[in-house]
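Asks:
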Amino acid sequence: MEESSLRKTALPVFHSFAMWRFIAALLIMTYHFMHYSENSEVWVRWFENMLPLLDMFFMMSGYLIYDRYREKLTDTGEFGSFLFKRLAKLYPLHMITTGFFVFVGLAWQLGFITSNAGVLRYDWTSLPSNILLLQAWGTLDTLTFNYVSWSLSAEWFCYLMMPLILFVALRSGIVGLLVVAAIFYMGTEYAISQDWPLGKTIADTKTWGAYRAFASFAIGAAVVQLVDMRIVLVRSHCWGWAVMGITIIAMFLSVNFYLIIAMMALALVLSAIAEHENPQGLAWMRPILPVLAVSFGIYLWHPVVETVMLSFIWRHYLGDIAPFAIEWFMLLAGVMSIAVALASHHFYEKPLGNWLVGHFERKTALKMQNKSA
1 MEESSLRKTA
11 LPVFHSFAMW
21 RFIAALLIMT
31 YHFMHYSENS
41 EVWVRWFENM
51 LPLLDMFFMM
61 SGYLIYDRYR
71 EKLTDTGEFG
81 SFLFKRLAKL
91 YPLHMITTGF
101 FVFVGLAWQL
111 GFITSNAGVL
121 RYDWTSLPSN
131 ILLLQAWGTL
141 DTLTFNYVSW
151 SLSAEWFCYL
161 MMPLILFVAL
171 RSGIVGLLVV
181 AAIFYMGTEY
191 AISQDWPLGK
201 TIADTKTWGA
211 YRAFASFAIG
221 AAVVQLVDMR
231 IVLVRSHCWG
241 WAVMGITIIA
251 MFLSVNFYLI
261 IAMMALALVL
271 SAIAEHENPQ
281 GLAWMRPILP
291 VLAVSFGIYL
301 WHPVVETVML
311 SFIWRHYLGD
321 IAPFAIEWFM
331 LLAGVMSIAV
341 ALASHHFYEK
351 PLGNWLVGHF
361 ERKTALKMQN
371 KSA
């Protein structure tokens with residue numbers, strides 16, 4: 001009984017997932033920074049081999065959300081509470097980073113700063129889609145303001161579609177969830193084939209990325225059921241890491257996208273089973289979990305740091321006088337992105353999110369008391 005309780009306490013951590021998300025966030029940040037490098041064409045092509053890592057984000061999100069809420073979302077009230085709590089966790093970060101780019105857009109509009117991409121980046125007609133988290137649903141032809149927030153829009157779409165995930169999982173299990181994933185993947189592929197403004201490949205789909213993301217999210221839910229079945233029994237966390245490493249190599253070998261997805265799903269299965277069977281196996285990572293936990297913050301904050309440090313300070317002040325290459329300044333920008341993400345999480349996102357959830361729960365409890373009175 002004690003061992004079972006201990007495992008339940010350790011399960012939500014999922015150490016490997018946290019590390020993989022953190023590494024992926026750093027890689028995406030570096031990819032965007034490398035657009036400023038003198039060898040940008042070479043570096044950008046190199047990093048674009050790893051675009052499917054974005055699908056890993058959504059697969060892990062599908063796993064964690066489904067695993068946590070599959071027995072809790074039993075009625076519309078619980079679903080509404082779930083949506084509010086998820087929004088309270090993510091939206092403050094979205095608003096402050098989007099607000100920064102609204103400020104930059106105003107400065108560009110008024111002529112205080114110059115921007116080669118200003119007309120596209122600060123398209124005011126696209127702002128409502130950004131604020132309402134609709135920018136990855138096909139409402140825009142190009143990404144605007146905080147361009148990386150398309151993934152938050154896609155994540156929000158996945159949360160709204162949770163009733164479908166729960167219904168299919170209950171009725172058809174793993175097969176049903178994989179069919180849902182296949183339908184959404186095929187729909188995205190069809191749209192690409194019709195020259196809709198999605199992207200060159202499914203791994204490059206962003207303005208319509210919600211549908212590709214939901215497919216990966218559904219696979220994450222299917223992985224939960226595979227883990228429940230214990231299709232293999234592993235205690236070593238090395239297996240999951242080995243498969244993930246092989247998956248990264250496969251990306252550079254231009255292996256088929258869907259085989260990459262299957263390999264990432266296998267890595268998640270092996271890692272999650274190891275967490276169940278050997279929850280202390282990665283205990284050495286626990287001191288750094290607070291840093292790993294801000295991977296999404298790094299993802300949303302790094303374009304802000306990029307704009308300030310690379311687009312403004314480097315290009316206007318340091319580029320012509322600095323005795324070192326821009327890559328060294330990128331390293332500083334990367335460290336600054338992590339620091340800003342940590343500060344934002346500690347002093348802004350967490351306190352505001354907790355206040356919003358607490359206010360919501362107090363208001364809900366008051367309503368329940370009034371009804372019962």
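Residue numbering for the sequence shown follows our numbering, starting at 1 and increasing by one per position.
Glycine residues also receive a C-beta, built at the ideal position from the N, C-alpha and C atoms.
(1) Decide if the stretch 286-302 is in contact with the stretch 17-27; the criterion is three or more beta carbon pairs, one per stretch, under 8 Å apart.
(2) Given a threshold of 16 other Cβ atoms within 10 Å of its Cβ, counted over all protein chains shown, does residue 184 qualify as buried or as exposed?
(3) Tell me whether residue 10 sits in a helix, a strand or coil according to DSSP, three-state version.
(4) From which residue to which residue does the alpha helix (DSSP H) around residue 308 run?
(5) Rounded to whole angstroms, what's the CA-CA distance from residue 98 to residue 113? Just pull it up for me.
(6) With burial defined as no fewer than 16 other Cβ atoms inside 10 Å of the residue's Cβ, what is the status of residue 143: buried or exposed?
(7) State buried or exposed for residue 317, treating a residue as buried only when at least 16 other CB atoms are found within 10 Å of its CB.
(8) Below 9 Å between beta carbons: does that hold for residue 61 and residue 155?
(9) Between 122, 93, 276, 248, which has its C-alpha nearest residue 352's C-alpha?
(10) Could you pull out every residue in the same chain whose Cβ sits closer than 8 Å to the Cβ of residue 293, ignoring the five residues on either side in sequence?
(11) On a Cα-Cα basis, can you pick out the residue from 305, 357, 269, 360 that is closest to residue 67?
(12) Let me know if residue 303 comes out buried or exposed under the rule of 16 or more other beta-carbons within 10 Å of its beta-carbon.
(13) Check this for me: beta carbons of residue 159 and residue 86, under 9 Å apart or not?
(14) Any idea what DSSP makes of residue 116, helix, strand or coil?
(15) What are the uninterrupted segments assigned as alpha helix (DSSP H) that are 4 or more residues long and contained completely in the stretch 256-283, given in chain order?
(16) Note down the Cα distance separating residue 249 from residue 260, rounded to an integer number of angstroms.
Replies: According to the data block:
(1) yes
(2) buried
(3) Only weak support is given to the placement of residue 10: the predicted model assigns it a pLDDT of 42, under 50, and the question is left unresolved by the model.
(4) Here residue 308 belongs to no alpha helix (DSSP H), and DSSP marks it neither H nor E.
(5) 18 Å
(6) buried
(7) exposed
(8) yes
(9) 93
(10) 18, 345
(11) 269
(12) buried
(13) yes
(14) coil
(15) 257-277
(16) 10 Å
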